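**Q** Take 46 as the starting number for the first sequence in this note's numbering and just add one per residue.
Cβ atoms here follow ideal geometry from the backbone N, Cα and C, with glycine treated the same way.
These figures come from a predicted structure and were not determined experimentally.
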Amino acid sequence: MDIFKKKLVSFIKAVIKEKKNIDISDEESEKLIKNPPDVSFGDYSLASYYLARYGFKGKPEDIAEEIFNFFAPNFADIEELFDKIEIKGAYVNFFVNKEKFASFVVRDVTDSGGDYGRGAPQKPLKVIIDFSSPNIAKPFGVGHLRSTVIGMSLSKIYEFCGHNAIKINYLGDFGTQFGKLITAFCRYGDIDFSEFEKDPVKILYGLYVRIHKDEQADATVEEEAKNRFKTLEDFISVNKRSFEEYLGGVNSVNNINGKNIENGSGGEADSACASGNTKLSGENKNFFCGTPEGQYNLWKLFRKLSIDEFKRIYESIGIEFDAYEGEAYSAEFSKDIKEILLESGIAEISEGAVIVNVKGVKAPALIAKSDGTSLYLSRDIVTAVSRMAKYNFDKMIYVVGSEQALHFSQLFGIFGKLKENIQKIKDNPNFKNYASIIDGRLVHVKFGRIIGMSTRKGNLVFLEDYIEEARIKAKEKLEERPKILGGDLNALNPDIEPGVNKEPAESENEQIYSTSLKVGVGAVIFNDLKTRRTTDVNFSWDNVLSFEGQTGPYLQYTVSRINSLVSKLGVPDSKGKNPDVAFSKNDADFNDIFLIARQIAFFGDALNEAMEQNEPSVLSSYALELASLFNKYYQNYRLIGNAKDYVEPRFFMLSAVRMVLIRILNLLCVPVLERM
RNA sequence: GCGUUCAUAGCUCAGUUGGAUAGAGCAACAGCCUUCUAAGCUGUGGGUCGCAGGUUCGAAUCCUGCUGGACGCACCA
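1) Examine the ligand HEM and report whether any of its heavy atoms sits within less than 6 Å of the Cβ of Ser361.
2) Closest to Leu96 by CA distance: which of Glu268, Asn119, Lys65 and Phe492 is it?
3) Three-state secondary structure (DSSP) at Asn687?
4) If you count every other CB in all the chains shown that lies within 10 Å of the CB of Gln644, and 16 or more means buried, which is it?
5) Identify every residue that forms a DSSP beta bridge with Asn209.
6) Between Lys52 and the rest of its own chain, which residues show a CB-CB distance below 6 Å, the 5 nearest in sequence each way excluded?
7) Since I believe Ser200 is in contact with Ser178 (beta carbons under 8 Å), could you give me their beta-carbon distance rounded to a whole number of angstroms?
8) Just verifying my parser: in three-state terms, what is the DSSP assignment at Tyr215?
9) Are the beta-carbon atoms of Val604 and Leu706 separated by less than 7 Å?
10) Distance check for Gly188 and Glu582, CA to CA, integer angstroms please.
11) For Met441, which of helix, strand or coil comes out of DSSP?
12) With distances taken Cα to Cα, identify the nearest neighbour of Ile570 among Glu240, Phe288 and Val194.
13) Provide the residue(s) that pair with Tyr489 in DSSP beta bridges, ordered along the chain.
14) Kindly identify the DSSP beta-bridge partner or partners of Ser419.
15) Going by the DSSP bridge assignment, what does Ser395 pair with across the sheet?
16) Lys129: which of Ala413, Gly87 and Phe146 sits nearest, CA to CA?
17) Helix, strand or coil for Glu384 per DSSP?
18) Within a Cβ cutoff of 6 Å, which residues of the same chain sit near Phe453, ignoring the five residues on either side of it in sequence?
19) What do you get for Thr580, buried or exposed, if any count of 16 or more other CB atoms within 10 angstroms of its CB means buried?
20) Let's test the definition: count the other Cβ atoms within 10 Å of the Cβ of Leu713 and tell me whether it reaches 16, buried, or not, exposed.
21) For the alpha helix (DSSP H) containing Glu657, list its first residue and its last residue.
22) Rounded to whole angstroms, what's the CA-CA distance from His257 to Ser239? Just pull it up for me.
23) CA-CA distance, Glu63 and Ala92?
24) Tell me which residues share the same chain as Phe113 and place their Cβ nearer than 6 Å to its Cβ, disregarding the 5 neighbours each side in the sequence.
25) Given a cut-off of 7 Å on the beta-carbon distance, is the pair Val150 and Ala642 in contact?
26) Around the C-beta of Tyr369, are 16 or more other C-beta atoms found within 10 angstroms, so that it is buried, or is it exposed?
27) With burial defined as no fewer than 16 other Cβ atoms inside 10 Å of the residue's Cβ, what is the status of Val564: buried or exposed?
28) Closer than 8 Å is the cut-off here; do at least three beta carbon pairs connect the segment 397-405 with the segment 247-265?
29) How is the alpha helix (DSSP H) around Asp587 delimited, first residue to last?
30) Can you find at least 3 beta carbon pairs, one from the segment 389-398 and one from the segment 426-440, that sit closer than 8 Å?
31) In terms of residues, what are the limits of the alpha helix (DSSP H) holding Phe56?
32) Please go through the same chain and pick out, in chain order, the residues whose beta-carbon is closer than 6 Å to the beta-carbon of Gly303, but skip the five residues on each side of it.
33) Can you list the beta strand (DSSP E) stretches of 3 or more residues lying completely in the segment 122-158, in chain order?
34) Tell me where the beta strand (DSSP E) around Ser93 begins and ends.
35) On the three-pair Cβ rule with 8 Å, is the segment 432-442 touching the segment 375-383?
36) With H, G and I counted as helix, E and B as strand and the rest as coil, what does DSSP make of Tyr369?
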């Protein structure tokens, strides 16, 4: 919060104390302060109708008058920072001293040394963010991009606000679908193993599409797939220890900063057959298709190949995880969950299957199938309890599409029911401990569908092709630029002096490649983060490939422009620490500088709102507005060629804009370019 | 049928959680590059906030009904 708002907060507290003898907190007081829709109304306003809750009575206009009459004689208290107070209808409007305001904000950003807006809560929360979660053996499509970028962005936002984010990728690596995949692999004898090694995920996807088609005509497919899945699950859970035992040991691995870094291995599931034969060929097909151990190895191989592929893609768009988990990991304990829930009466048997009736949800929650195999709901229960044991989280966010809203309301409802009935569970002290405190800490961050593609029909758009398309468009745009095409290609590379030391053509192409790739990736990612999560996205190439207006490249471009200008201006002597920044309202550009400073001052609010609502798009809109204000300024006023004491404060203003924009681009996973 | 969710300019979307005159960007049209990057800037046109009621000082926002779309609803994930 800036000092101006702080001043108002205490001013308003004072009036409520004086008039109604009520003490309100800073937070309450701050909530009463709004930003008027138009700067001509003032910079902050107090809406009198909010005061009704503190006992002020009468028409809003009269309350406003009463407040105003109190403020006016006490104006000296805030005179240092404010120019005037006005009454307008139901509002009391405050006008800041614009010169002081602009100077304060610019200096505030500059002094923060790149950390402007970073939060430092008294008690940082431990927040698990479960996102991306692709299904193995399927290509990474644009559908997964949304969860991936929303989750990654939220992780960064929580971290920047001072909390601990734990990023988990929960792979869809289990379930009947893998029975189907193994069935496909074993039924179709025409797999080219050398091709398979080259692009395994594509081949696996082909199998997936093919078996789905055959399933329609051939009823034995489903039968075989179910059996194979059962074999797989039985093989994995021929175990060794109970969930209770597992929970007893797991929190000992909890380390200091709350992060448990796991690699992409399958956790427990891996150890079941670590030395397995995973080299595929035509000869050992009998082993893979005919024995439980072979099938397990086959599944494990599919899993590994998929993860390798995912990691390559994540790296290319700057996504990383603290842990890779998988459903298979939890499958081992799904039987324990089933028994606990049944024994305690939380679950019941219906039509041979195990179900839980959850308060407020009509559809029964299915825990286990009538053939005894697990369903993903039961695996999610296991996972949540394991994570509580392991991380002791304050909050766990699932970034999953809104089509799974029912699933999550069932999952959350089950933890509510567990909490209520915890004493009915016999033994299992560890389980009771962890399971009872989960209720209320789970959040489903849902998002709308991308309309226009589907895996079943086989017309899935692969993420890599999608980015490639954007990259090519960016390259075309880049090559249209006269400066770059005409002569100075090296202008793209800040490390090379223009005109000197010309690099060979190949390197120039590399520059173009990397620049256009960053623009393409930026366009694609920003496109997913600029609208509110819950709205469905009508997929359109025209939209994604437009780099003008409200787009990622527009923001990247704005930063590049500032970079260029700043380097031409040269860094002032004061080097940026505690600079002497002062603006004069007599300068022609002052009003625009003020508007920029005002927008910068809103950054903290935008950040908070983005976190509270788990909504990165709040930052997207904010950044677009800031960039737009800057571009208007840039267009209308020239800096180069002016006197030093005119340029210097503006230099810091430019740097402040750049700092905030770069921060937001980072938070939104949009690459930042030096030049473009 | 039940449930969830959405409907704002031709198109894509904002709209400070019930507040001041409903805003941007695309697209269309008209302008601005010998001067800090034109992926930019300026201007014009474009609205019964799906429809009908209700709640109150005040509704795009809240409640009810209707219309239309999306998604989900027992052994997939």
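**A** On the basis of the supplied data:
1) Only the bare structure without any ligand can be found here, which leaves the ligand HEM out of the picture.
2) Of the candidates Glu268, Asn119, Lys65 and Phe492, the one whose C-alpha sits nearest the C-alpha of Leu96 is Lys65.
3) Looking at Asn687 - three-state DSSP - the assignment turns out to be coil, as it is neither helix nor strand.
4) Buried, since its Cβ has 16 or more Cβ neighbours within 10 Å.
5) For Asn209, which the question treats as bridged, DSSP gives the partners Lys171.
6) So the qualifying residues of the chain are Ile123 and Leu126.
7) Distance from Ser178 to Ser200 at the Cβ level is roughly 14 Å; contact not present, criterion being Cβ atoms closer than 8 Å.
8) In the structure shown, Tyr215 sits in a strand (DSSP, three-state: E or B).
9) Taking 7 Å as the Cβ cut-off, Val604 and Leu706 qualify as a contacting pair.
10) Note that residue 582 corresponds to Val in the displayed sequence, not to Glu. If you take the alpha carbons of Val582 and Gly188, they lie about 10 Å apart.
11) If DSSP states are grouped into helix, strand and coil, Met441 belongs with the strands.
12) Answer by Cα proximity: Val194.
13) The residue asked about is misnamed: residue 489 is His in this sequence, not Tyr. Beta-bridge pairing links His489 to Tyr443.
14) Its beta-bridge partners are Ala413.
15) By DSSP's assignment, Ser395 forms a beta bridge with Ala398.
16) Shortest Cα-Cα distance from Lys129 to any of Ala413, Gly87 and Phe146 involves Gly87.
17) Reduced to three states, the DSSP call for Glu384 is helix.
18) The residues are His489.
19) For Thr580, the number of other beta carbons within 10 angstroms of its own is below 16, and it is reported as exposed.
20) Using a 10 angstroms sphere on the CB of Leu713, the tally of other CB atoms reaches 16 or more, which defines it as buried.
21) Start and end: Phe648 to Glu657.
22) Roughly 24 Å between the two C-alpha positions.
23) Using only the alpha carbons, I get a separation of about 18 Å.
24) For Phe113, where only same-chain residues beyond five positions count, the Cβ hits under 6 Å are Ile132 and Val137.
25) In this structure, Val150 sits near Ala642, with a CB-CB distance shorter than 7 Å.
26) Classification for Tyr369: buried.
27) Buried, since its Cβ has 16 or more Cβ neighbours within 10 Å.
28) As far as the Cβ criterion goes, the segment 397-405 does not touch the segment 247-265, which means the pair count is below three.
29) Membership of Asp587 in the alpha helix (DSSP H) is indicated by the continuous run Trp586 to Val589.
30) Fewer than three beta-carbon pairs drawn from the segment 389-398 and the segment 426-440 are found closer than 8 Å, and the two stretches are therefore not classed as touching.
31) DSSP places Phe56 inside the alpha helix (DSSP H), whose first and last residues are Ile48 to Lys65.
32) The predicted model places Gly303 with a pLDDT of 39, which falls under 50 and marks its position as unreliable, so this point remains unresolved.
33) Complete beta strand (DSSP E) runs here, min 3: 127-133 and 136-141.
34) Per DSSP, Ser93 is not a residue of any beta strand (DSSP E), being assigned neither H nor E.
35) Taking a cut-off of 8 Å for Cβ pairs, the segment 432-442 and the segment 375-383 do not touch, as fewer than three such pairs fall below it.
36) Tyr369: strand per DSSP, three-state reduction.
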